[in-house]
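For the sequence shown, the residue numbers in the numbering used here are 119 to 208.
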Amino acid sequence: MNLKIIPQAKKQIRKLSKTTQIIVGNKIRQLGTGNFSNSKKLASYKDVFRIRLGDYRIVYILRSDSVYIILVTHRREAYKKLAIYYKHFK
């Protein structure tokens with residue numbers, strides 16, 4: 119499984135606390151191995167999923183053999199930002 123983190127998501131990860139960065143990093147590595155447990159498909163999008171990590175969300179797109187991490191942000195911002203980032207990702 120190919121794992122790609124878009125530049126905006128990398129920037130968002132760098133802004134997190136070190137503890138949260140470690141937790142997010144571990145979950146992203148699991149996605150890279152094909153472990154999609156605790157993932158939920160987002161109803162408004164055909165290929166977008168999210169993982170809850172406390173107050174944070176990892177939002178990713180699953181296409182064929184690739185996982186694209188597009189958002190890693192606080193839950194209150196995640197769905198507002200998703201509409202913007204998803205348009206640019208298409």
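Beta carbons: idealized from backbone N, C-alpha and C, even for Gly.
The structure displayed is predicted, hence computed values, not measured ones.
About 5 Å separates the Cβ atoms of R175 and R193, confirming a contact at the 8 Å cut-off.
The continuous stretches of beta strand (DSSP E) do not include N156, and DSSP gives it neither H nor E.
Restricting attention to D173, S182, A127, the CA atom closest to the CA of I188 is found in A127. Around the Cβ of T151, a 10 Å sphere holds fewer than 16 other Cβ atoms; the residue is exposed.
Here the alpha carbon of F167 sits roughly 12 Å from the alpha carbon of Y204.
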